[in-house]
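Below is one structure, written out as structure tokens, with a few remarks after it.
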Amino acid sequence: MAAAAALVTNPARAMPAHRIVIGSKSDTEGALLGNLISLVLEGLGLSVERRLGLGPTLIVRTALLAGEIDLYPEYTGNVAFFSGTESDSAWKTGESAYALALRLDAARGLVWLGRAPANNTWLIAVQGALARERGLATMLDFAGAVHDDRIRLAASTEFVESPAALPSFESAYGFRLPLSRIVSLPGGDTAVTARAAAEGISGINAGMVYGTDGALAALDLTVMSDPKGAQIVYEPAPVIRAGTLERHPQIRGALDRVFARLDADTLRRLNAAITVEGRTAAAVAAEWLGSEANRP
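Note that UniProt numbering has the sequence shown beginning at 1, numbered continuously upward.
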């Protein structure tokens, strides 16, 4: 808590009349960000109740709208699907996606605080050896490897079928990956797809990943960049109920300062400490806040 308090200017120490309930999704980064938010609010002297790992996006979002939790870390691009506006080109850049999320959720009594400069969007990672052999670095390079029949992809069914995912890549970069070259999985666990690509399971050499996955470097995978911006931008930020923020306006500045320092490299490193090193999300969050407290 001391580390979190050090990142806060003039923390208010008076205890609130009720606890602030913080939720998160049941994934590694959700647990990390949920713990960071909890520690920062405790550093402000606020009473916090953690309901981390509540479940998938829909469950946590529903809990926020119902007032069962006060805030949780969400991704800007998900508002595209909440609102049925995923075809809007505004979701393809960080600034416009954030502005649209802010506007659409304001009508629901929700406020988006400052976002992290890290895009946790869908991406494709290629086995390191193949990437080095073929000089693969971007989706343009990937398209060439597809044309040469060098790619076998592991991905979720959603990634394969959603117009905003693989089809968007195919349209932007002019390739078509036949279903015979795809191993489609019912879940969206990138730990499975990434490991399949890294280990060459069933001839797989590419996998669906997210931009801030922690195990990418450890697995020797090369993430294909998306220079044409085919994918929706998913930058993480705390989303809070407007009434909660009105009662505790100091939350905005405190969390904005923390999230501004969470770039993609930082999130990958922190996620790796959990998924690769086996440390708890709470311990990783506390250590990072402690180190950040000593930075100018």
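Ideal Cβ placement from N, Cα and C applies to all residues, glycine included.
Inter-stretch contact at 8 Å, needing at least 3 Cβ pairs: the segment 65 to 79 / the segment 225 to 238: Yes, since at least three Cβ pairs between the segment 65 to 79 and the segment 225 to 238 fall closer than 8 Å, the two stretches touch.
Residues near His18 in its chain [Cβ-Cβ closer than 6 Å; skip 5 each side]: Along the sequence shown, one-based indexing puts residue 18 at 18. If you ignore the 5 residues before and after His18, its C-beta comes within less than 6 Å of no other C-beta in its own chain.
Beta-carbon proximity list for Leu32, same chain, < 7 Å, skipping 5 on both sides: By 1-based counting over the sequence shown, the position of residue 32 is 32. Leu270, Asn271, Ile274, Ala281, Val284, Ala285.
Short Cβ contact (9 Å threshold) for Trp122 with Phe175: Here residue 122 is taken as the residue at index 122 of the sequence shown, counted from 1. Here residue 175 is taken as the residue at index 175 of the sequence shown, counted from 1. Result no, Cβ atoms of Trp122 and Phe175 do not sit closer than 9 Å.
Cβ pair Ala242, Leu130 closer than 9 Å: Mapped onto the sequence shown, residue 242 falls at position 242. Mapped onto the sequence shown, residue 130 falls at position 130. For Ala242 and Leu130, no; Cβs fall outside 9 Å.
Other residues of its chain near Lys228: CB distance less than 6 Å, five sequence neighbours each side excluded: Counting from one through the sequence shown, the residue named residue 228 turns up at place 228. Cβ neighbours of Lys228 within its own chain (closer than 6 Å, five residues either side excluded): Ala172.
Beta-carbon proximity of Ile48 to Ala254, cut-off 9 Å: Mapped onto the sequence shown, residue 48 falls at position 48. Mapped onto the sequence shown, residue 254 falls at position 254. Sequence check: residue 48 is Val here, not Ile. For Val48 and Ala254, no; Cβs fall outside 9 Å.
Beta carbon proximity, Glu95 to chain B, threshold 9 Å: Protein chain content of the structure displayed is limited to a single chain, and chain B is not contained in it.
Distance CB(Ser65)-CB(Leu71) smaller than 9 Å: Start at 1 with the first residue of the sequence shown, and residue 65 comes out as number 65. Start at 1 with the first residue of the sequence shown, and residue 71 comes out as number 71. It is Leu, not Ser, that sits at residue 65 in the sequence shown. The answer is no: Cβ separation not under 9 Å.
Cutoff 6 Å; reference Ser225; Cβ partners in own chain excluding five residues on either side: Residue mapping note: residue 225 aligns to position 225 of the sequence shown, counting from 1. Around Ser225: Thr138.
Residues that DSSP places opposite Ile182 in a beta bridge: Translated into positions along the sequence shown, residue 182 becomes position 182. Per DSSP, Leu153.
Extent of the continuous alpha helix (DSSP H) to which Gln250 belongs: As a first step, residue 250 must be located in the sequence shown, where it is residue number 250. In the DSSP assignment, Gln250 falls within the unbroken alpha helix (DSSP H) covering 250 to 259.
Helix, strand or coil at Glu86 [DSSP, three-state]: What you label residue 86 is simply residue 86 of the sequence shown in a count that begins at 1. It is coil, neither helix nor strand.
Rounded distance between the beta-carbons of Ile151 and Asn205, thought under 8 Å: As a first step, residue 205 must be located in the sequence shown, where it is residue number 205. As a first step, residue 151 must be located in the sequence shown, where it is residue number 151. Contact holds; Cβ gap of about 7 Å.
9 Å Cβ cutoff met for Leu52 and Gly34: Against the sequence shown, residue 52 aligns to sequence position 52. Against the sequence shown, residue 34 aligns to sequence position 34. With contacts defined by Cβ atoms closer than 9 Å, Leu52 and Gly34 form a contacting pair.
Pairwise C-alpha distance: Val276 and Leu113: Within the sequence shown, residue 113 is the residue found at index 113, counting from 1. Within the sequence shown, residue 276 is the residue found at index 276, counting from 1. For the pair Leu113 and Val276, the Cα-to-Cα distance works out to about 30 Å.
Close Cβ partners of Val60 (< 6 Å) along its chain, the five nearest in sequence each way excluded: Here the question's residue 60 lines up with position 60 in the sequence shown. Once the five neighbours on either side are set aside, the close Cβ partners of Val60 are Gly23, Lys25, Leu54, Tyr72.
Unbroken stretches of the beta strand (DSSP E), 3 residues or longer, contained in the segment 51 to 107: You should have 71 to 75.
Contact test: Ala155 Cβ vs the ligand ATP heavy atom, cutoff 8 Å: With respect to small molecules bound, the structure shown includes none, and the ligand ATP cannot be examined in it.
Residue burial classification, Thr190 (beta-carbon count within 10 angstroms, cutoff 16): Against the sequence shown, residue 190 aligns to sequence position 190. Thr190 is classed as buried because its beta carbon has at least 16 other beta carbons within 10 Å across all chains shown.
Residue range of the beta strand (DSSP E) that includes Tyr210: The sequence position of residue 210 within the sequence shown is 210, counting from 1. Where Tyr210 is concerned, the enclosing beta strand (DSSP E) stretches over 206 to 210.
Inter-residue CB distance, Gly207 and Ala155 (contact presumed, cutoff 8 Å): By 1-based counting over the sequence shown, the position of residue 207 is 207. By 1-based counting over the sequence shown, the position of residue 155 is 155. That belief holds up - the Cβ atoms of Gly207 and Ala155 are roughly 7 Å apart, short of 8 Å.
Cβ shell of Val126 (< 6 Å), same chain only, five flanking positions each side left out: Residue numbering aside, residue 126 sits at position 126 when the sequence shown is read from its first letter. Excluding residues within five positions, the ones whose Cβ falls inside 6 Å are Leu136, Ala206, Thr222.
Helix, strand or coil at Glu235 according to DSSP, with G and I counted as helix: The residue given as residue 235 occupies position 235 in the sequence shown. In the structure shown, Glu235 falls within a coil segment according to DSSP collapsed to helix, strand and coil.
Same chain only: Cβ atoms within 8 Å of Ile69, ignoring 5 sequence neighbours per side: On the sequence shown, position 69 is the one that residue 69 refers to. Leaving aside the five residues that flank Ile69 on each side, the residues in its chain whose CB is nearer than 8 Å to its CB run, in chain order, Val21, Ile22, Gly23, Arg51, Leu54, Val60, Ala63.
For Ala118 and Ala264, believed in contact at Cβ under 8 Å, the rounded distance: The count along the sequence shown starts at 1 and reaches residue 264 at position 264. The count along the sequence shown starts at 1 and reaches residue 118 at position 118. So it is a contact: roughly 4 Å between Cβ atoms.
Thr121 in three-state terms, based on DSSP: Position 121 of the sequence shown, counting from 1, holds the residue named residue 121. Of the three classes helix, strand and coil, the one that applies to Thr121 here is coil, per DSSP.
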